[in-house]
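Here the structure is laid out as structure tokens; the discussion comes afterwards.
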Amino acid sequence: MTTGLPARPAPLVLAAPSGTGKTTIAHALVEGSVDFVFSISVTTRPARKGERDGVDYEFVGRETFLRLAEGGELVEWAEVHGNLYGTRRRVVEEARDRGKHPVLDIDVQGARQIKERIPEAVLVFVFPPSGEVLRSRLTRRGTEDPAEVRRRLQTAHREMEEVVRFDYIVVNETLESAVARVREIVTSEGHRVSRMLGLEGEVARIRDDIERILADA
């Protein structure tokens, strides 16, 4: 009797307007399960207070970043608010080779590239409960001045149009509920026929069982 077939791990992409909480969700997923690995993005953005190189991001200069992009070492990259962000191809591949879901915390431009290059990736768009909540979260961070908050809200206005390109939507009202919903999505995706490993052999086994039952009847 089978207890369930293993599934091929797929990259989990979390994208959302800045301030929606996708990074917090991503870290909560990784900290709460050995099945997820956080994909550390490469960026030219200066580190914020409390951020650590190699933990939160891989901080590099613009020349280094462009060299990585031109060398095909980034599976996706984009410029956001004047800074470059990207994902190293080897980070995604190494996680999948270990049977883990790489969790990508990226913007909508990067999500679009991932879907084009890794069609089996699961794209989740994280919604803010409202525009007012989004503004409050951006302001509460205390890392951007009013002009920067306004610019991020303008970007969010544009990014919301991209939701039709995603597979799922999760509204981040509370961290616990958002994380639970993302876990449910990954669990459901693991039951897709296209992701199951050893399915052909399992089908053959059940059919052989049925043939023996019929032969003995």
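Last residue of the sequence shown: 216 in numbering that gives the first Met the number 0, with the numbers rising by one and none dropped. Quick reminder that beta carbons are idealized off the backbone N, C-alpha and C, glycines included.
Segment limits, beta strand (DSSP E) that includes residue i
| i | result |
| --- | --- |
| Asp104 | 100-105 |
| Gly71 | From DSSP, Gly71 is part of no beta strand (DSSP E); its letter is neither H nor E. |
| Val36 | 35-38 |
Sheet register partners of residue i (DSSP bridge)
| i | result |
| --- | --- |
| Asp52 | Tyr56 |
| Arg87 | Leu73 |
| Glu78 | Leu83 |
Continuous alpha helix (DSSP H) stretch holding residue i: start and end
| i | result |
| --- | --- |
| Thr19 | Note, Thr19: premise wrong, no alpha helix (DSSP H); not H, not E. |
| Val202 | 198-215 |
| Val148 | 145-158 |
9 angstroms Cβ cutoff, residue i in contact with chain B
| i | result |
| --- | --- |
| Phe64 | Looking at the structure shown, chain B is missing, and only one protein chain is on hand. |
Exposure of residue i, with buried meaning 16 or more beta-carbon neighbours within 10 Å
| i | result |
| --- | --- |
| Asp52 | exposed |
| Gly20 | buried |
| Met0 | Unreliable placement is indicated for Met0, whose pLDDT of 34 sits below 50; no coordinate value is reported for it. |
| Ala110 | buried |
| Ala155 | buried |
| Ile117 | buried |
| Arg66 | exposed |
Separation of residue j from residue i, as counted between CA atoms
| i | j | result |
| --- | --- | --- |
| Ala68 | Glu78 | 12 angstroms |
| Gly130 | Gly197 | 46 angstroms |
| Ile168 | Leu103 | 16 angstroms |
| Pro5 | Val59 | 38 angstroms |
| Thr2 | Glu199 | Note on Thr2: pLDDT 48, under 50, position unreliable in the model; no value is reported. |
| Arg134 | Ala27 | 23 angstroms |
| Arg149 | Ile205 | 60 angstroms |
Segments assigned beta strand (DSSP E), at least 3 residues, entirely inside the segment 167-194: 167-170
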